[in-house]
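Participant: Sending over a structure as structure tokens; questions will come in a sec.
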Amino acid sequence: MRKLIIFAVIGFFAQLIDGALGMAYGVTSSSLLLTLGIAPAVASASIHLAEVVTTAASGVSHVKFGNVDRSAVYKLIIPGSVGAFTGACFLSSLPGDAVKPFISLFLFILGIYVLFRFLFKFNPSGQKKSIDLTRKQSIALGLVAGFADATGGGGWGPITTPVLLSKKGASVRKTVGTVDTSEFAIAVSATAGFLISLGWEEVNWTWTIALMLGGIAAAPIAAWLVRILPAYLLGVLVGGFIIITNVRTLILFWSINGIWSAAIYTILLIGWGLSIFYAVRHHRKNI
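So the sequence shown is residues -6 to 280, counted in the numbering used here.
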């Protein structure tokens, strides 16, 4: 019973972060399951099955609060679903760990750009009402992000959110809501792939249901936060979170020891905190 409560709490906070920042449910949940010694394919299958429910709840909540660009959702779900299904079916034979550091390095740099843009070049009146996403861009982004999501236990939000936010005039609220809503199709496709290749018996239903319940409770709260938080602050929060989550992969890849890794995290967290402080103070001065 105690373990179920722990999983439900983790599911709640994972969905709260994911729903508010457009990423982290899969990363948070998969890190926990892998730490407990669960096989990567089984962990990813359990997470994606839970996400079928949590992303549905999140999508409905974001639509209700007006955080979604429906045109962008339709463009992303088909290539994203294809990538997720393919990655899920062939997870055991794919070199996902080999390419992950390179993707993380790219996203780390993108996170710095997003943080810099919302700190120093943010123009509230310059935000577009819709996401500027062409068909070709959506196909490439959907395939890569969906594939990474299935093979890594999380990747749709961490890849799609920063890429969309790097576009000029991108609305943070619309980006986060659109990414979270489109993730429902990716979770369904990845789950179908896992069930075909692994079977129902490989899913840990106890953990999955606990994660679901926590995520369902957090979904409307996260969508509401996206609705009320100022765009400049939301952008700084997202940019900093992109940096923190991707530096973890780079630290593990480069085998940086405990003291140095702690120093890196400390510097980044202090820098992130100062960025938030500066953004709030700068915005108040300009009101």
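Ideal Cβ positions, reconstructed from N, Cα and C, are used throughout, including at glycine.
Taking 8 angstroms as the cut-off, decide whether the C-beta atoms of Thr242 and Gly15 are in contact.
Facilitator: Result no, Cβ atoms of Thr242 and Gly15 do not sit closer than 8 angstroms.
Participant: Below 8 angstroms between beta carbons: does that hold for Val150 and Glu176?
Facilitator: The displayed chain sequence assigns Gly, not Val, to residue 150. Contact: yes.
Participant: My understanding is that Leu126 touches Gly228, with C-beta atoms under 8 angstroms, so please give their C-beta distance in whole angstroms.
Facilitator: Actually they are not in contact, since the Cβ atoms of Leu126 and Gly228 sit about 18 angstroms apart, beyond 8 angstroms.
Participant: Mapping the DSSP letters down to three states, classify Asp173 as helix, strand or coil.
Facilitator: Three-state DSSP puts Asp173 in a helix.
Participant: Check the C-beta distance from Leu267 over to Ile237 and give it rounded, since I have them as a contact under 8 angstroms.
Facilitator: Not quite, the Cβ-Cβ distance comes to about 14 angstroms (not below 8 angstroms), so this is no contact.
Participant: Within 10 angstroms of the Cβ of Trp200, are there 16 or more other Cβ atoms? Answer buried if so, exposed if not.
Facilitator: Buried is the call here.
Participant: Three-state secondary structure (DSSP) at Asp142?
Facilitator: Helix, per DSSP.
Participant: Mapping the DSSP letters down to three states, classify Leu157 as helix, strand or coil.
Facilitator: Reduced to three states, the DSSP call for Leu157 is helix.
Participant: Which of helix, strand or coil does DSSP assign to Asp11?
Facilitator: Three-state DSSP puts Asp11 in a helix.
Participant: So which of Ile96, Ser131, Ile189, Gly139 has the shortest CA-CA distance to Tyr67?
Facilitator: Ranking Ile96, Ser131, Ile189, Gly139 by Cα distance to Tyr67 puts Ser131 first.
Participant: Consult DSSP for Ile209 and reduce its assignment to one of helix, strand or coil.
Facilitator: In the structure shown, Ile209 sits in a helix (DSSP, three-state: H, G or I).
Participant: Between Ala141 and His275, what straight-line distance do the alpha-carbon atoms span, to the nearest angstrom?
Facilitator: Distance between the alpha carbons of Ala141 and His275: 37 angstroms.
Participant: Going by C-alpha distance, which of Leu204, Phe234, Ala272, Arg166 is nearest Ala50?
Facilitator: Taking only the C-alpha atoms, the option nearest Ala50 is Leu204.
Participant: According to the Cβ coordinates, are Ala215 and Ala7 closer than 8 angstroms?
Facilitator: Taking 8 angstroms as the Cβ cut-off, Ala215 and Ala7 do not qualify as a contacting pair.
Participant: Using the rule of at least 16 other Cβ atoms within 10 Å of the residue's Cβ for burial, across every protein chain shown, is Leu100 buried or exposed?
Facilitator: With 16 or more Cβ atoms within 10 Å of its Cβ, Leu100 is classed as buried.
Participant: Within its chain, find whatever has a CB closer than 8 angstroms to the CB of Tyr271; leave out the 5 residues flanking it on each side and keep chain order.
Facilitator: Cβ within range, chain order: Leu112.
Participant: Return helix, strand or coil for Tyr271, following the three-state DSSP convention.
Facilitator: Tyr271 falls in the helix class under three-state DSSP.
Participant: Tell me which same chain residues have a C-beta within less than 6 angstroms of the C-beta of Trp265, skipping the five on either side of it?
Facilitator: Closer than 6 angstroms at Cβ, skipping near neighbours: Gly233.
Participant: Using only the alpha-carbon positions, how far apart do Val2 and Leu9 sit?
Facilitator: Taking the straight line joining both Cα atoms gives about 10 angstroms.
Participant: Quick check: what's the CA-CA separation for Ile235 versus Ile189?
Facilitator: When rounded, the distance between both Cα atoms is 32 angstroms.
Participant: Pick from Gly59, Val61, Ala77, Asn60: whose alpha carbon is nearest that of Val45?
Facilitator: Checking every option, the nearest Cα to that of Val45 belongs to Ala77.
Participant: Judging by CA-CA distance, which residue of Ser164, Lys57, Leu136 is the nearest neighbour of Ile152?
Facilitator: Here the closest residue by C-alpha is Leu136.
Participant: Given a cut-off of 8 angstroms on the beta-carbon distance, is the pair Gly104 and Asn239 in contact?
Facilitator: Contact: yes.
Participant: If you reduce the DSSP assignment to three classes, tell me which class Ile124 lands in.
Facilitator: Looking at Ile124 - three-state DSSP - the assignment turns out to be coil, as it is neither helix nor strand.
Participant: I think Arg277 touches Asn60, with their Cβ atoms under 8 angstroms apart; what is that distance to the nearest whole Å?
Facilitator: Their Cβ separation, rounded to whole angstroms, is 25 angstroms, which puts Arg277 and Asn60 out of contact at 8 angstroms.
Participant: Alpha carbon to alpha carbon, how far is Ser64 from Val172? Give it in angstroms, no decimals.
Facilitator: Roughly 12 angstroms separates the two Cα atoms.
Participant: Where does Ile257 fall in DSSP's three states?
Facilitator: The answer is helix: DSSP assigns Ile257 an H, G or I state.
Participant: In terms of residue numbering, what span does the alpha helix (DSSP H) encompassing Ala77 cover?
Facilitator: Ala77 -> alpha helix (DSSP H) spans 63 to 82.
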